[in-house]
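First the structure, in the form of structure tokens, and then the observations on it.
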Amino acid sequence: MNTLPVPTLNGLRLTRMTLHPCTAQVQLTLSATGPPEGLVATCAFLHASWLQDSEDPAFLREILSLLDGHGVNLREEGQVIRRGGRAHLWSGMTYFDRTAEADLDFHDLCEVIRLNLQFLTLKRHWSDARTTPGAPQYQGEQGFRVRFGPPPTP
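According to this note's numbering, the sequence shown holds residues 94 to 247 in order.
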């Protein structure tokens with residue numbers, strides 16, 4: 094049995110979320126205390142295409158309703174299993190006896206996912222209403238915003 098320690102993250106927060114101006118792919122910026130490799134794995138998991146589909150956000154809803162001991166598998170893009178008030182998360186392919194890449198508070202994960210669902214709703218509305226220019230974005234200190242006009246030049 095694999096007994097490697099699982100990187101523990103605390104205080105997971107979504108600090109920024111934007112749409113890439115050319116591809117409309119969601120880009121998340123997260124913060125947490127704990128080993129950086131745990132945060133990298135969490136970011137990779139939340140960027141999975143299965144979780145960023147504004148047409149069908151079913152996987153996000155499944156994670157929100159996870160019962161203890163149950164999980165959601167995103168095939169080659171990762172897996173999350175609820176363990177009481179914690180979530181064990183893997184990014185990428187998961188296989189038998191592989192140590193989880195992150196252990197985080199389940200409720201913190203759910204808060205990030207709820208914000209992601211709201212963001213995807215904005216994205217879908219924006220995509221469906223092509224006559225209304227704007228790209229939604231989220232910043233922790235400012236909340237949701239829609240930018241009108243071209244993106245600022247760097």
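Note that beta-carbon positions come from the ideal geometry of N, C-alpha and C, so glycine has one too.
DSSP-derived helix/strand/coil call for residue i
i, result
"residue 191", "coil"
"residue 125", "strand"
"residue 235", "coil"
"residue 102", "coil"
"residue 224", "Because residue 224 carries a pLDDT of 49, less than 50, the predicted location of this residue cannot be relied on, and the following value inherits that uncertainty. The answer is coil: DSSP assigns residue 224 none of H, G, I, E or B."
"residue 211", "helix"
Buried or exposed (CB count within 10 angstroms, at least 16 for buried), residue i
i, result
"residue 186", "exposed"
"residue 97", "exposed"
"residue 192", "exposed"
"residue 224", "Its pLDDT being 49, under 50, residue 224 is placed unreliably by the model, and the measurement read from it follows with that caveat. Flag for residue 224 reads exposed."
"residue 112", "buried"
"residue 234", "exposed"
"residue 130", "exposed"
"residue 132", "buried"
"residue 160", "exposed"
Identity of the residue in the options nearest residue i by Cα
i, options, result
"residue 99", "127, 109, 123, 119", "127"
"residue 137", "184, 149, 112, 191", "184"
"residue 150", "133, 125, 163, 217", "217"
Cβ pair count under 8 Å reaching 3, the stretch 158 to 170 against the stretch 96 to 110
no
Using 8 Å as the threshold, is the stretch 171 to 178 in touch with the stretch 208 to 216, meaning 3 or more CB pairs across them?
no
Whole beta strand (DSSP E) runs in the stretch 144 to 208 with 3 or more residues, listed along the chain?
164 to 166, 171 to 176, 179 to 184, 195 to 198
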